[in-house]
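Peer 1: The working numbering puts the sequence shown at residues 143 to 615.
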Amino acid sequence: MPNFILQLVNSSQEAEVYPTDMHRVHIPSSALQRSRGNESQMEVVLVATVINSTYFTVSRPEAIKPSPNHKKATRRMVIHDQRDHMQGTVMGGLVLAVLAGSQPVGNLPQPIELTFTQTQQMENRTCVFWQELDNGTGIWSTYGCNTNDTGAKVTCSCNHLSFFAVLVNPILSVDETHSTNLSYITYIGSALSVVFTVMSLIIYICLQQRRPEKVIGLHMQLSGALLCLHLSFLLCCFWVWLFNEDDEGWVCLFLGLFLHWSLMATFCWMALEGFHLYLLLVQVFNIYIRRYLLKLSLVGWGLPTLIVVVCGSLGVYGKYDAKNQNSTVQMCWMRSEFTPSLVVRYITTVAFPCMVILYNACLLGLVVFKLWGIRGRSGDANRSSCWKKANTGKRLWKDFVTVLGLSCLLGLPWSLASITYISLPGIYVFTILNSLQGVFLFLWSVALTCKSQSDKDSSTTYPSSQKMTTLNN
């Protein structure tokens with residue numbers, strides 16, 4: 143059989159075989175000696191070959207259960223640690239099988255080395271081994287394997303013998319315990335965001351009555367959209383949990399539509415916040431745009447409404463099953479197995495948010511550049527001033543807080559979604575920051591209140607120092 147190696151090797155020496163031109167196996171003598179157990183013969187049988195990955199059926203995450211026979215000494219190594227379970231595409235579609243002797247080999251002091259050569263350049267390559275389950279399926283696990291990716295080659299150092307492969311673009315699998323923890327964090331964070339967003343709206347209304355400004359009105363619209371987002375999310379999850387519906391009732395359809403509309407509205411108003419910031423940076427004084435807030439509202443509320451009406455006519459809304467994704471909930475959203483839903487979900491929840499985040503990130507960079515330039519000119523004018531030196535730290539802290547607040551206002555924490563596919567701590571960070579976005583918006587409203595009071599006191603003492611920095615009607 144081609145690509146199949148079966149040979150006797152001396153257990154007191156290292157062994158190195160090449161099942162194919164693209165695969166290399168190096169086994170230390172300690173592994174060969176352990177594989178022969180108590181047998182007196184020095185030679186052991188070494189088997190190395192490559193197998194098509196289609197013969198390996200990956201188990202669904204919810205079907206993974208601890209094996210009752212995991213303590214038995216069998217040829218199959220069963221290591222049930224769901225933190226190491228990975229999902230992805232097998233590089234080259236080939237699995238490298240390495241077996242030796244008559245005894246299971248694990249926890250080696252000297253790891254075996256497996257080299258996978260690939261002509262095409264790929265990213266996010268991870269060494270895994272096949273962990274077989276009692277139901278005939280299995281999962282890919284990184285337990286006991288380290289990856290050294292040099293570009294042309296991937297070297298896997300593993301402390302046991304098994305079936306090995308390299309996964310391309312591996313997807314992190316979340317087990318039931320972490321899924322439950324993330325669900326509680328999301329629910330608590332969203333509930334807090336609802337409360338604090340309502341408080342933010344009250345603060346903005348008071349500020350608008352005291353000193354009408356277009357920027358306050360813009361913040362009010364974003365707060366309203368964010369309130370709808372967190373409220374609709376909680377309702378969508380609560381409805382499925384309360385009634386445990388298997389069918390898709392009209393209430394679930396409406397809640398899915400409402401959640402999609404709220405999400406789109408939130409990102410639209412984040413983009414409009416960035417647009418407003420751009421206008422203030424380019425033309426600081428006396429910008430005049432007729433019916434400015436009305437025109438922004440047509441975009442901020444009108445575009446999401448148009449999108450959900452079209453999506454609703456296509457029938458994309460319904461019960462969403464998130465068990466196979468890096469998600470923690472089952473909710474009313476878009477249908478999981480409906481083809482138009484996949485297209486709509488990609489365009490409206492991946493492509494559009496990415497464009498908004500990229501646009502706002504560029505604007506935030508421009509803000510940092512402007513602040514740097516202003517501080518530089520101020521430093522040149524007051525280089526010999528003792529007051530300037532004493533307040534440098536205070537100014538830097540204020541600039542840092544300003545940039546941090548603008549980051550939350552522009553929705554940049556959503557960019558952390560990119561790390562949820564490769565890191566479990568990244569999933570926790572993303573969940574915490576974005577579920578508490580309403581709290582951060584409240585802190586920004588409090589900062590605006592303090593600034594408004596400071597400006598009022600300053601204008602009372604120095605009436606000529608005020609400048610026009612908002613958009614007029």
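We put the beta carbon where it would ideally sit given N, CA and C, even for glycine.
Could you compute how far the alpha carbon of A157 sits from the alpha carbon of T191?
Peer 2: Those two C-alpha atoms are separated by around 15 Å.
Peer 1: Rounded to a whole number of angstroms, what is the C-alpha to C-alpha distance between P446 and L369?
Peer 2: The alpha-carbon atoms of P446 and L369 are separated by roughly 15 Å.
Peer 1: Going along the chain, which residues of its own chain have a beta-carbon closer than 6 Å to the beta-carbon of V296, five neighbours each way excluded?
Peer 2: Once the five neighbours on either side are set aside, the close Cβ partners of V296 are F258, R267 and V308.
Peer 1: At the level of alpha carbons, what is the spacing between W282 and V452?
Peer 2: If I take the Cα positions, the gap works out to 41 Å.
Peer 1: So, using beta-carbon positions, are S299 and P251 closer together than 8 Å?
Peer 2: The answer is no: Cβ separation not under 8 Å.
Peer 1: Does DSSP put S304 in a helix, in a strand, or in coil?
Peer 2: DSSP places S304 in coil when its eight states are reduced to three.
Peer 1: Is it a yes or a no for the segment 494-510 touching the segment 405-416, going by three-plus beta-carbon pairs under 8 Å?
Peer 2: Yes, since at least three Cβ pairs between the segment 494-510 and the segment 405-416 fall closer than 8 Å, the two stretches touch.
Peer 1: Between the beta-carbon of R477 and the beta-carbon of V458, is there less than 8 Å?
Peer 2: Contact flag set, yes.
Peer 1: What do you get for E318, buried or exposed, if any count of 16 or more other CB atoms within 10 angstroms of its CB means buried?
Peer 2: Looking at its Cβ environment, which holds fewer than 16 other Cβ atoms inside 10 Å, E318 is exposed.
Peer 1: Buried or exposed: which applies to V169, given that a residue is buried once 16 or more other Cβ atoms fall within 10 Å of its Cβ?
Peer 2: In the sequence as presented, Val is not what sits at residue 169; that position holds Ile. So I169 counts as buried.
Peer 1: Just verifying my parser: in three-state terms, what is the DSSP assignment at P161?
Peer 2: P161: strand per DSSP, three-state reduction.
Peer 1: Over the uninterrupted alpha helix (DSSP H) stretch that includes G331, give me the two end residues.
Peer 2: From DSSP, the alpha helix (DSSP H) with G331 extends over E318 to R352.
Peer 1: How would you call A173, buried or exposed, if buried means at least 16 neighbouring beta carbons within 10 angstroms?
Peer 2: Answer is buried; the Cβ neighbour count reaches 16.
Peer 1: For G442 and W392, I'd like the C-alpha separation in whole angstroms.
Peer 2: Approximately 26 Å, taken between the alpha carbons.
Peer 1: Does N466 come out as helix, strand or coil in the three-state DSSP assignment?
Peer 2: Residue placement at N466 is poorly supported in this model, since its pLDDT is 43, which falls under 50; the coordinates still yield a value, given next. N466: coil per DSSP, three-state reduction.
Peer 1: For L324 and I569, which I take to be in contact (beta-carbon distance under 8 Å), what is that distance rounded to the nearest angstrom?
Peer 2: L324 to I569, Cβ: 7 Å. Contact.
Peer 1: Would you mind working out which of K540, G553 and F480 sits nearest L505, comparing C-alpha positions?
Peer 2: Selected option, being the one with the closest Cα: G553.
Peer 1: With 16 other CB atoms within 10 Å as the buried threshold, where does Y462 fall?
Peer 2: The residue is buried, with at least 16 neighbouring Cβ atoms inside 10 Å.
Peer 1: Thinking C-alpha only, which one of H227, H302 and R176 is nearest Q245?
Peer 2: Residue R176 is the option with its Cα nearest to Q245.
Peer 1: Excluding sequence positions up to five away, which residues of its chain have a Cβ less than 6 Å from the Cβ of M164?
Peer 2: T259.
Peer 1: Could you check which residue in A559, S483, S587 and L423 has the C-alpha nearest to that of G515?
Peer 2: Per the Cα distances, L423.
Peer 1: What's the gap between the Cα of G234 and the Cα of I449?
Peer 2: Taking the straight line joining both Cα atoms gives about 40 Å.
Peer 1: Pull up the CB-CB distance for F198 and W272, whole angstroms please, since I reckon it's below 8 Å.
Peer 2: With a Cβ gap of about 6 Å, F198 and W272 count as contacting.
Peer 1: So what does DSSP say about G280, is it helix, strand or coil?
Peer 2: Strand.
Peer 1: By Cβ distance below 7 Å, which residues in the same chain neighbour T591 in space, the five residues on each side in sequence not counted?
Peer 2: The residues are I345 and L349.
Peer 1: Return yes when the C-beta of F494 is under 7 Å from any heavy atom of the ligand GDP, and no when it is not.
Peer 2: Because no ligand of any kind appears in the structure shown, any question about the ligand GDP cannot be addressed here.
Peer 1: How would you write the range of the alpha helix (DSSP H) that I569 sits in, first residue to last?
Peer 2: Counting along the chain, the alpha helix (DSSP H) containing I569 begins and ends at L566 to S577.
Peer 1: By DSSP, does Q183 sit in helix, in strand, or in coil?
Peer 2: Residue state, collapsed to three classes: coil.
Peer 1: Taking 7 Å as the limit between beta carbons, can you name the residues of its chain near L513, skipping five residues before and five after?
Peer 2: Same-chain partners within the cutoff: D541.
Peer 1: Out of S560, S404, I561 and N288, state which residue places its alpha-carbon closest to the alpha-carbon of T648.
Peer 2: This structure cannot speak to residue 648, because the chain is shown only from 143 to 615.
Peer 1: Does the Cβ of S332 have 16 or more other Cβ atoms within 10 Å, making it buried, or fewer, making it exposed?
Peer 2: Under this definition S332 is a buried residue.
Peer 1: Report buried or exposed for Q351, applying the criterion of at least 16 other Cβ atoms within 10 angstroms of its Cβ.
Peer 2: When all chains shown are included, Q351 counts as exposed.
Peer 1: In this structure, does DSSP put S154 in helix, strand or coil?
Peer 2: In this structure, S154 counts as coil in the three-state DSSP scheme.
Peer 1: Mapping DSSP to helix, strand and coil, what is E355?
Peer 2: In the structure shown, E355 sits in coil (DSSP, three-state: anything other than H, G, I, E or B).
Peer 1: Cβ of L238 within 8 Å of Cβ of V187?
Peer 2: It is not a contact, given that the beta carbons lie outside the stated cut-off.
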